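Contents: one structure, followed by commentary.
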Amino acid sequence: MLAMNKFKILGATVITIAASVVITSCGHDKRSTGWEYAPNMYEHIAYDPDQKNPNFKDGKTAQLPPAGTTPVGFVRFDYPNTKVGYEAASLEVKSPLTAADTAGAQVLFVHYCSPCHGTKGQGDGLVVQHGYPAPPSYSKGQSSRGGAMKDLTDGKIYHTITYGLNAMGSYASQLNPQERWKVVMYIHHLQTL
Ligand code: HEC
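With the UniProt record's numbering, letter number 36 in the sequence shown gets 36, and the count goes up by one each step, no holes.
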């Protein structure tokens, strides 16, 4: 009986000490992170992108790449966002993909384009049904830049995805070049519907 009580007292003491450590360890300084385990994970030597940096003239860590450089593996698209650029891309730019490379093209189109263009490319997507200006059908419509939508070339479609057109925004930051080409191939399919 006595031994049992000793254990109870010991247990209660341990719990009291533990509880008071937990309660008192916070509250002194609200901005303190408390004990840090392996603090060099937080306080590293390398500069964070948003930190000041005396190594560069403008004092910033995040630097733009030098003008005229191309990241490894990036394919340039040097056609300006003008009608002239659009027509030049139409003549000179061809899709580098073959039909075998188009896995996932439909998913990309459904996610990024069908809200306006509709899953079959007829210009009747969900947001259009709620009043957004309707794009022309890929198979039956006319492009506002001239010609039938079904005749839009690789280069014209790629140019449109890259820069957008009027009520349609640019998708350059959502779709990388490879993904844009997949979507282009999928639109060629929708042009035949
Ligand atoms: C917010 C709605 C919206 C979304 C999303 C959208 N578009 Fe469009 N798109 C339009 C509208 C509106 C037009 C007609 C613009 C005009 O001619 O003024 C258009 C036109 C086009 C054209 C015809 C361009 C031409 O030269 O006439 C193509 C090609 C096209 N879109 C491709 C795409 C692709 C590919 C995606 C997805 C990556 C996409 N669009 C996403 C609204 C959208």
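Using N, Cα and C, we set each Cβ at its ideal position, and we do this for glycine too.
What you are looking at is a predicted structure, and each value in this text was computed from that prediction instead of being measured.
Taking the alpha carbon of residue i as the reference point, which residue from the options has its own alpha carbon closest?
i	options	result
THR160	VAL183, GLU36 and THR98	VAL183
GLN122	ILE17, GLY104, ALA105 and SER143	SER143
THR162	SER137, THR82, LYS120 and GLY59	THR82
GLN178	HIS189, TYR158 and LEU165	TYR158
PRO115	PRO96, PRO135 and GLY104	PRO135
LEU152	LYS52, PRO96 and TYR138	TYR138
SER90	TYR79, LEU97 and LEU165	TYR79
Please report the straight-line C-alpha distance between residue i and residue j, rounded to a whole angstrom.
i	j	result
GLU92	GLY155	7 Å
VAL110	THR61	38 Å
THR102	PRO54	46 Å
ARG145	GLY68	30 Å
GLN191	LYS150	5 Å
LYS94	ARG180	12 Å
ALA167	TYR47	40 Å
GLY169	GLY34	47 Å
CYS113	TYR37	47 Å
HIS117	LYS57	47 Å
ILE15	ARG31	27 Å
TYR186	GLN106	6 Å
HIS130	THR70	41 Å
ALA100	ILE45	46 Å
LYS140	GLY125	16 Å
LYS52	LEU193	55 Å
PHE77	GLU43	40 Å
PRO39	SER20	25 Å
GLY73	ASP50	26 Å
LEU165	ALA172	13 Å
Under the DSSP definition of a beta bridge, which residues are partnered with residue i?
i	result
LYS60	LYS52
ALA134	BP columns for ALA134 are empty, so no partner.
LEU165	MET168
GLN142	ALA148
What would DSSP say about residue i, mapped onto helix, strand or coil?
i	result
LEU193	coil
ALA148	strand
ALA12	helix
VAL75	coil
ILE45	coil
ASN81	coil
CYS113	coil
ASP154	helix
ALA103	coil
SER173	coil
SER20	helix
LEU108	helix
PRO39	helix
ALA89	helix
ARG31	coil
LYS120	coil
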